Amino acid sequence: MDALYREEILEHYKYPKNRGKIEKPDITSFDTTPLCGDECRIDLKIEGNRVKEIKFDAKGCAISQAATSMLSELIEDKPLEEIKKIGKKELLEELGLELGPVRLKCALLCLKVLKSGVYGIKDWPT
Numbered sequence: 109m110d111a112l113y114r115e116e117i118l119e120h121y122k123y124p125k126n127r128g129k130i131e132k133p134d135i136t137s138f139d140t141t142p143l144c145g146d147e148c149r150i151d152l153k154i155e156g157n158r159v160k161e162i163k164f165d166a167k168g169c170a171i172s173q174a175a176t177s178m179l180s181e182l183i184e185d186k187p188l189e190e191i192k193k194i195g196k197k198e199l200l201e202e203l204g205l206e207l208g209p210v211r212l213k214c215a216l217l218c219l220k221v222l223k224s225g226v227y228g229i230k231d232w233p234t
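Going by the numbering used here, the residue at position 48 of the sequence shown is 156; the numbering climbs one at a time, nothing skipped.
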C-alpha cells in the first residue's frame with residue numbers, strides 16, 4: 109500500500125470528517141458487518157434533491173471508519189441521482205487500497221448503508 113494512501117486512511121480514521129448526528133434527518137440508515145462487528149449509521153439532510161448535510165457514526169476498524177469519512181466527503185452537496193450511481197469502484201478508488209474479502213466488507217459497509225437509506229431499503233438483500 110502506498111504511504112500516501114496509508115496516511116490518508118489514518119488521517120480519516122483519527123480525524124473523521126462529518127462525524128456526528130443530524131437532529132432531524134430526512135434519511136437515516138444503519139447496518140453492521142456481522143463478521144467483524146463494524147457498525148455504521150448515516151444521517152442525511154436533503155434540500156432540493158441534494159445532500160445538504162451528512163453526518164455519520166461508525167464503530168469498527170480503521171478501514172471501515174476511514175471509508176465512511178471519505179464517502180461522506182464524496183457525497184456532500186451531490187444530487188441523490190448522482191449518489192445512486194456511486195458504487196464499489198468509486199469508493200475503492202477513493203481509498204486507494206487493494207483489499208481482501210474481509211476488509212472489503214468493512215470498506216463497503218458505509219456504501220451499503222448509504223444506498224439503503226437513499227433507496228429506502230429496510231432489509232438489504234443478501
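Beta carbons: idealized from backbone N, C-alpha and C, even for Gly.
Treat the numbers as computed from the prediction; the structure is a model and nothing was measured.
Per-residue burial, residue i [other beta carbons within 10 Å of its own, 16 or more giving buried]
| i | result |
| --- | --- |
| Pro209 | exposed |
| Pro124 | buried |
| Leu202 | Checking the displayed sequence, the identity of residue 202 turns out to be Glu instead of Leu. Classification of Glu202: buried, given that the 10 Å Cβ count is 16 or more. |
| Arg114 | exposed |
| Gly225 | buried |
| Phe138 | exposed |
Integer Cβ distance of residue i from residue j, believed to fall under 8 Å
| i | j | result |
| --- | --- | --- |
| Ile154 | Ile135 | 7 Å |
| Ile150 | Glu184 | Actually they do not touch by this definition, with Cβ atoms about 12 Å apart. |
| Cys148 | Val221 | 5 Å |
| Leu216 | Lys196 | 6 Å |
| Leu205 | Leu219 | About 14 Å; that fails the 8 Å criterion. |
| Leu182 | Ile194 | 7 Å |
Residue i - containing alpha helix (DSSP H), residue span
| i | result |
| --- | --- |
| Arg211 | Pro209 to Tyr227 |
Which of helix, strand or coil DSSP assigns to residue i
| i | result |
| --- | --- |
| Lys163 | strand |
| Leu205 | coil |
Element boundaries [beta strand (DSSP E), containing residue i]
| i | result |
| --- | --- |
| Leu143 | Where Leu143 is concerned, there is no enclosing beta strand (DSSP E), given that its DSSP letter is neither H nor E. |
>> My parser needs the alpha helix (DSSP H) runs of 4 or more residues fully inside the region 175-199; what are they?
In response: 188-193
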